[in-house]
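Novice: Before I ask anything, let me first share the structure, which is written out below as structure tokens.
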Amino acid sequence: MATIALRLLGKPDDVDDIVHDTFLQARRSLPKLRDPRAIEGWLGTITVRVTRRALHRARFRRLVGLGAVEADHVPTSSLSPDDYDYVHGAYSRLSTLRTEERIAWILRRIHGAQLDAVAQMCGCSLATAKRRISAADRTLGEVAR
Amino acid sequence: MMLDPDRLRALTTPDWTAQREDAVLRRLQQAERPRAVRWIAISAVTMAAAALILVWWSGVWRSGGDAAVPVLSLDPSPDGPIVDARPQVADPLQSSPSTPPRTAPVVTPLQFRDGSAVIPDDEGSDLVIAEAGADLTRVELRRGGARFDVTPRLDRQFRVEMGLVTVDVLGTEFHCLRQDGRVTVEVIRGRVSVSWPGGSSLLRRGESGVFPPVAAEPSPERRAPASSSGARWRRLARKGEATAAYEALRAGEAVANRAEELMLAADVARKAGHPAAALPYLRRVVEEHPADSRAPLAAFTIGRIEFGRGRYRKAAKHFARVREMGETSLVEHALAREVEAWAAAGDEARAQRLARDYVSRYPQGPRVDKVHRVLVAGDH
Chain A
0 MATIALRLLG KPDDVDDIVH DTFLQARRSL PKLRDPRAIE GWLGTITVRV
50 TRRALHRARF RRLVGLGAVE ADHVPTSSLS PDDYDYVHGA YSRLSTLRTE
100 ERIAWILRRI HGAQLDAVAQ MCGCSLATAK RRISAADRTL GEVAR
Chain B
0 MMLDPDRLRA LTTPDWTAQR EDAVLRRLQQ AERPRAVRWI AISAVTMAAA
50 ALILVWWSGV WRSGGDAAVP VLSLDPSPDG PIVDARPQVA DPLQSSPSTP
100 PRTAPVVTPL QFRDGSAVIP DDEGSDLVIA EAGADLTRVE LRRGGARFDV
150 TPRLDRQFRV EMGLVTVDVL GTEFHCLRQD GRVTVEVIRG RVSVSWPGGS
200 SLLRRGESGV FPPVAAEPSP ERRAPASSSG ARWRRLARKG EATAAYEALR
250 AGEAVANRAE ELMLAADVAR KAGHPAAALP YLRRVVEEHP ADSRAPLAAF
300 TIGRIEFGRG RYRKAAKHFA RVREMGETSL VEHALAREVE AWAAAGDEAR
350 AQRLARDYVS RYPQGPRVDK VHRVLVAGDH
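Residue numbers (numbering that gives the first Met the number 0), protein chains in the order written: chain A, 0 to 144; chain B, 0 to 379.
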């Protein structure tokens, strides 16, 4: 959960909040879990849902001038200056994507999830997940060129 | 600058520490406390309302209702109800006082706490939860049809009763329809055991059947034994009065040598708090009806009872027996329980060997953590 949240958010200081909120929601929804073996994917889906809301809130705060203007990044003391710059640059570019495309792309390309798992976690069809990832690929490719 | 997913993956792995975990857990406890208080209040109000309804209900029955028919057992189990029967409780409130409560239509799905659900076909369908105990959930379909989506749980049986026909299930999805004195059962997922006086049948995914089969429909003569001395304990058992049913059994009432009847008698003994008394019935199912679809469950239940009595070797042997009976949904659990039983019996070598077998066959199995602990304990 923490890994998914960090990779989607790009901010370690919000990760604990996401884990907390995910557990709260999971506890409330636990009776709906039919197959205990599916708990990992189920928690992943809730994590993505909670993180998506956090991303939307952050974007809204930025729009109304309440949040930081700078792009999301991963400032952590454990990173070397070069790594920090790299991650900062990468998340600056990722912040130009639509939220749904950013989530799908990160889950697939960075987190390494299978396509069907991406679709499940995003709460969309397999075709939609593929479309979002392709769109993100195109956008990031164009930026790179 | 090109994005390198591998590099980003390596750089975005959180350093999750025990301190962070503790902090999240503390916050969770704080967040849950007010919620728990709120739920206690809601539960208290619900229970009070349910008590009022039952008092009113029993009054209606006494004044002319059919008191012999059990409609709803809210929570006969000390372990707490499996089922959330609130939709059923709400219906009689909505009906007029002159309407007999037991015929109030149940049009809303019955949602069980373990995720199981029963969805009536239409308002004409009449079904009631006759029992919602810790180890047995019993639903009576009196009229019409319903779809049953049952969550697999080894520690409880899910049974649907439709007159002479009974469907036993561990975890599956199926549809039942009562029509013209017969029952049509159609299995959507998993498999179910259908039984009727004089026979039983196993239906798998995609299969359906009409029961009792025409040739096997009991004649009045064959029904006669049901009203003889053995009828009382069975009637009490079906009403959920396990203690009274057990007393009737102890008084010498007969139990027919059929798997269905033997399993019911075993249920009665277990629910009355005498698990050891269930063993003879279960053993007869295993020994005398080994081909019956309930035989693996009987062997598994013997294993659980023996384990609970500290007879670990006997327990292990019965869990092994489940595996010998062929590939069923119980095999995985039986293997895990066998590992536990041999470990508890002190036979570490056998427990280790079976544990390795379990982990290799079911690396994602629900009991893999427990089995792993046996392996780790053996390594030390």
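Glycine included, each C-beta is placed from N, C-alpha and C at the ideal position. None of the values given here were measured: they were computed from a predicted structure.
Which of the three DSSP states is assigned to histidine 55/A in this structure?
Specialist: Three-state DSSP puts histidine 55/A in a helix.
Novice: On the criterion of 16 or more Cβ atoms from any shown chain inside 10 Å, does glutamate 20/B qualify as buried, or is it exposed?
Specialist: Glutamate 20/B is exposed by the Cβ-count criterion.
Novice: Kindly indicate if chain A contains any beta-carbon less than 8 Å away from that of alanine 354/B.
Specialist: With 8 Å as the cut-off, alanine 354/B does not count as an interface residue toward chain A.
Novice: Just checking: is the beta-carbon of leucine 32/A within a distance shorter than 8 Å of some beta-carbon in chain B?
Specialist: Answer yes: the Cβ-Cβ gap between leucine 32/A and chain B drops below 8 Å somewhere.
Novice: Kindly list the residues whose CB is nearer than 6 Å to the CB of serine 115/B, restricted to its own chain and excluding five residues on each side of it in sequence; keep chain order.
Specialist: Closer than 6 Å at the Cβ level, and outside the excluded window around serine 115/B, lie Val149 and Thr150.
Novice: What is the DSSP secondary structure of glutamine 119/A, reduced to helix, strand or coil?
Specialist: Helix at glutamine 119/A.
Novice: Tell me whether aspartate 125/B sits in a helix, a strand or coil according to DSSP, three-state version.
Specialist: Aspartate 125/B: strand per DSSP, three-state reduction.
Novice: Could you check how far apart the C-beta atoms of aspartate 82/A and leucine 10/B are, in whole angstroms? I think they sit under 8 Å.
Specialist: Yes, aspartate 82/A and leucine 10/B are in contact; Cβ-Cβ is about 5 Å, under 8 Å.
Novice: Does leucine 7/B have its Cβ less than 8 Å from a Cβ in chain A?
Specialist: True, the Cβ-Cβ gap to chain A drops below 8 Å.
Novice: Check whether the Cβ of phenylalanine 59/A lies closer than 8 Å to any Cβ atom in chain B.
Specialist: For phenylalanine 59/A, the answer is no, since every Cβ of chain B falls outside 8 Å of its Cβ.
Novice: Between Ala25/A, Thr138/A, Thr98/A and His19/A, which has its C-alpha nearest arginine 25/B's C-alpha?
Specialist: The residue with the shortest Cα to Cα distance from arginine 25/B is His19/A.
Novice: Under the DSSP definition of a beta bridge, which residues are partnered with isoleucine 118/B?
Specialist: DSSP output for isoleucine 118/B lists Arg146/B as bridge partner(s).
Novice: If you check the beta carbons only, do proline 4/B and arginine 108/A fall under 8 Å apart?
Specialist: Cβ atoms of proline 4/B and arginine 108/A: closer than 8 Å.
Novice: When we look at the beta-carbon of alanine 66/B and count the other beta-carbons within 10 Å, is it buried (16 or more) or exposed?
Specialist: Annotation note: pLDDT 31 at alanine 66/B (below 50); position unreliable, no value reported.
Novice: Would you decide whether glycine 205/B is buried or exposed? Buried here means 16 or more other CB atoms lie within 10 Å of its CB.
Specialist: Exposed is the call here.
Novice: Are methionine 120/A and threonine 2/A closer than 8 Å when you measure CB to CB?
Specialist: In this structure, threonine 2/A does not lie closer than 8 Å to methionine 120/A by Cβ.
Novice: Under 6 Å Cβ to Cβ from lysine 313/B, same chain only, skipping five residues before and after it: list those, please.
Specialist: Excluding residues within five positions, the ones whose Cβ falls inside 6 Å are Glu305.
Novice: Any beta-carbon of chain B closer than 8 Å to the one on glycine 111/A?
Specialist: Yes, contact with chain B.
Novice: With distance defined between alpha-carbon atoms, name the residue in Lys270/B, Glu326/B, Ala255/B and Glu259/B nearest to tryptophan 246/B.
Specialist: Reading off the sequence, residue 246/B comes out as glutamate, not tryptophan. Checked all of Lys270/B, Glu326/B, Ala255/B and Glu259/B; the closest Cα to glutamate 246/B is Lys270/B.
Novice: Can you name the start and end residues of the beta strand (DSSP E) that phenylalanine 111/B belongs to?
Specialist: Here phenylalanine 111/B belongs to no beta strand (DSSP E), and DSSP marks it neither H nor E.
Novice: Step through the CB atoms of chain A and report whether any lies within less than 8 Å of the CB of proline 212/B.
Specialist: No - not a single Cβ of chain A is within 8 Å of the one on proline 212/B.
Novice: For the alpha helix (DSSP H) containing histidine 19/A, name the first residue and the last one.
Specialist: Start and end: 14 to 28.
Novice: Could you tell me whether the Cβ of threonine 95/A comes closer than 8 Å to any Cβ of chain B?
Specialist: No, threonine 95/A lies away from the interface with chain B (no Cβ there is under 8 Å from its Cβ).
Novice: Counting Cβ pairs, one atom from each stretch, are 3 or more of them under 8 Å apart for the segment 236 to 246 of chain B and the segment 191 to 208 of chain B?
Specialist: They do not touch, by the three-pair rule.
Novice: In chain order, what residues of the same chain lie with their CB nearer than 8 Å to the CB of glycine 122/A, ignoring the 5 residues before and after it?
Specialist: Only Thr44, Val47 and Arg48 meet the Cβ criterion.
Novice: Is there at least one Cβ from chain B nearer than 8 Å to leucine 23/A's Cβ?
Specialist: True, the Cβ-Cβ gap to chain B drops below 8 Å.
Novice: State yes or no: is the beta carbon of lysine 15/A nearer than 8 Å to at least one beta carbon in chain B?
Specialist: First, the amino acid is wrong: residue 15/A is aspartate here, not lysine. Closer than 8 Å to some Cβ of chain B, the Cβ of aspartate 15/A qualifies, so yes.
Novice: So is valine 375/B buried or exposed if we call it buried at 16+ other beta carbons inside 10 Å?
Specialist: Exposed, by the Cβ-count rule.
Novice: Below 8 Å between beta carbons: does that hold for leucine 261/B and leucine 296/B?
Specialist: Cβ distance not < 8 Å, so leucine 261/B and leucine 296/B don't count as in contact.
Novice: Given that valine 23/B touches chain A, what residues does it touch there, using C-beta distances under 8 Å?
Specialist: Ordered by position in chain A, the residues that pass the 8 Å Cβ test against valine 23/B are Asp15, Val18, His19 and Phe22.
Novice: If we count the other Cβ atoms within 10 Å of its Cβ and call it buried at 16 or more, is serine 124/A buried or exposed?
Specialist: So serine 124/A counts as exposed.
Novice: Helix, strand or coil: which one does DSSP assign to glycine 180/B?
Specialist: In the structure shown, glycine 180/B sits in coil (DSSP, three-state: anything other than H, G, I, E or B).
Novice: Closer than 8 Å, CB to CB, is proline 4/B near chain A or not?
Specialist: Chain A, which has a Cβ nearer than 8 Å to the Cβ of proline 4/B, makes this yes.
Novice: Residue range of the beta strand (DSSP E) that valine 164/B falls in?
Specialist: Segment 164 to 168, the beta strand (DSSP E) holding valine 164/B.
Novice: How many angstroms separate the CA atom of valine 117/B from the CA atom of phenylalanine 147/B?
Specialist: About 5 Å.
Novice: Whole angstroms are fine: how far does the CA of aspartate 266/B sit from the CA of valine 284/B?
Specialist: Using only the alpha carbons, I get a separation of about 13 Å.
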